[in-house]
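Protein chains in written order, with my numbering: chain A, 984 to 1131; chain B, 984 to 1131.
Quick reminder that beta carbons are idealized off the backbone N, C-alpha and C, glycines included.
Protein chains: 2
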Amino acid sequence: MAHELEQKALASYLEDHNLKHTKQREAILSIFLDIKGHITGEELYQRVREQHSNIGYTTVYRTMKLLCDAGLASERHFDDGITRYEIEHEHHDHLVCLRCGKIIEFECQKIESAQDEIVKRHDFQLLRHRHELYGHCSECQGKERGGS
Amino acid sequence: MAHELEQKALASYLEDHNLKHTKQREAILSIFLDIKGHITGEELYQRVREQHSNIGYTTVYRTMKLLCDAGLASERHFDDGITRYEIEHEHHDHLVCLRCGKIIEFECQKIESAQDEIVKRHDFQLLRHRHELYGHCSECQGKERGGS
DNA sequence: ATAGGTGCAAAGGATTTGCATGGAA
DNA sequence: TTCCATGCAAATCCTTTGCACCTAT
């Protein structure tokens, strides 16, 4: 079985929470893990459909929510308002190309510590943040408009 | 007339663009300017209604879009997906309390310059960014759940 | 007179929910 | 057998649009 580690993680999460292990959940996890970048619910649904024409939209959404709870995926919201999912991994932020839609990850210790200062200054308890840089990627800078 | 400067700015924007100066636009601008913080379309609509029960939802939305184009307002999108408007002013970012909904503005030169570095490193052309810190404000840190 | 503006209701798009059926445990 | 999961359709939420009427210019 591909993605054995993650499938096991899912299985044990399901057991621990008295939830059921279904073909749909296994299939959606597997297809989701095959994708490297950030995928929308719609896109994921399409991919799932290619292999499992009987799986519904609803199940994809519900399963992604489940995978987020299980710590295998995380939700991202960029400016277009469409929810995207990515494989859960260490903290990072994003550069988003407004022409081709490319999403690049970055992390920056300088910013993190500057944030900590701000949070302290306002006596805030920081739970999470969101930091996105929007612009044109190197490939799109010459173009009038961008495709993908 | 209150907010004379802004009303004039609106008037000249309207003239320049062959648009019409209406009571609704004047009223919405005036009420919007009375609000200090960040307001949702819904809240603004309610406030407008208190004084002008004949103004519709649609007009509030359309007018806010107009005010944004005119540079008098700007739209903000936080994690709850609801559009908020604020008076247009120099660049800043936000701290958002997840309990009481309080929104605090901040600006940080350190972060700005760190961003510039990242953007250069990826050969990106930066157009705008979004940086939001979510957590609990000082007043809400003791509470189980928050009102307001 | 003539564009643009308004307000209602209806549409829109992404996501969620109700409900009867299906399938793990 | 029991309860959770599924899939469809309908509902939801915020926001936008169509359209007939209205009103600045």
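query	result
Look at the alpha carbon of G1054/B and the alpha carbon of C1051/A, and state the distance between them as a whole number of angstroms.	39 Å
With DSSP as the reference, label K1003/B as helix, strand or coil.	coil
Quick one: residues in its chain with C-beta nearer than 7 Å to the C-beta of L1081/A, no 5 flanking neighbours on either side, listed in chain order?	Y1117, G1118, H1119
Measure the beta-carbon distance from I1014/B to Q1034/B and round it to whole angstroms, keeping in mind my assumption that it falls under 8 Å.	7 Å
Just reading off the alpha helix (DSSP H) that G1024/B is part of, what are its end residues?	1024-1034
Given a cut-off of 8 Å on the beta-carbon distance, is the pair E1069/B and H1021/B in contact?	yes
Is there a Cβ from chain A that is less than 8 Å from the Cβ of I1087/B?	yes
Does the beta-carbon distance from R1113/A to E1115/B come in below 8 Å?	yes
If you draw a straight line from the alpha carbon of A992/A to that of R1030/A, how long is it in whole angstroms?	22 Å
So who's on the other strand from G1118/A, going by DSSP bridges?	C1080/A, L1109/B
Are S1121/B and D1099/A closer than 8 Å when you measure CB to CB?	no
For R1008/A, does the count of other Cβ atoms within 10 angstroms reach 16, so buried, or fall short, so exposed?	buried
So the alpha helix (DSSP H) I1094/A belongs to, where does it begin and stop?	1092-1104
Please list the partners that L1050/B has in chain A, where partner means a Cβ-to-Cβ separation under 7 Å.	Residues of chain A passing the Cβ test: none, with the nearest at roughly 20 Å.
Could you tell me which chain B residues have their CB closer than 9 Å to the CB of G1064/A, listed as they occur along the chain?	H1060, G1064
Would DSSP call A985/B helix, strand or coil?	coil
Please name the residue, chosen from I1087/B, L1078/B, H1074/B, R1045/B, that lies closest to R1111/B on a Cα-to-Cα basis.	H1074/B
Bridge partners for E1088/B per DSSP, in chain order?	H1077/B
Return the CA-CA distance between G1024/A and R1045/A, expressed in angstroms with no decimal places.	10 Å
With DSSP as the reference, please indicate the residues paired to E1071/B in a beta bridge.	Per DSSP, none; premise fails for E1071/B.
So what's A1056/A in DSSP terms, helix, strand or just coil?	strand
When the Cα of L1016/A is compared with those of S1057/A, S995/A, K1003/A, E998/A, which residue comes out closest?	S1057/A
Alpha carbon to alpha carbon, how far is H1004/A from H986/A?	16 Å
In angstroms with no decimal places, state the Cα-to-Cα distance between R1032/B and G1039/B.	8 Å
What's the C-alpha gap between C1123/A and V1079/A?	12 Å
Roughly how many angstroms separate the alpha carbons of D1063/A and S995/B, rounded to a whole number?	31 Å
Return the Cβ separation of F1061/B and I1101/A in integer angstroms, given the expectation that the two are a contact with Cβ distance under 8 Å.	About 17 Å separates the two Cβ atoms, so there is no contact after all.
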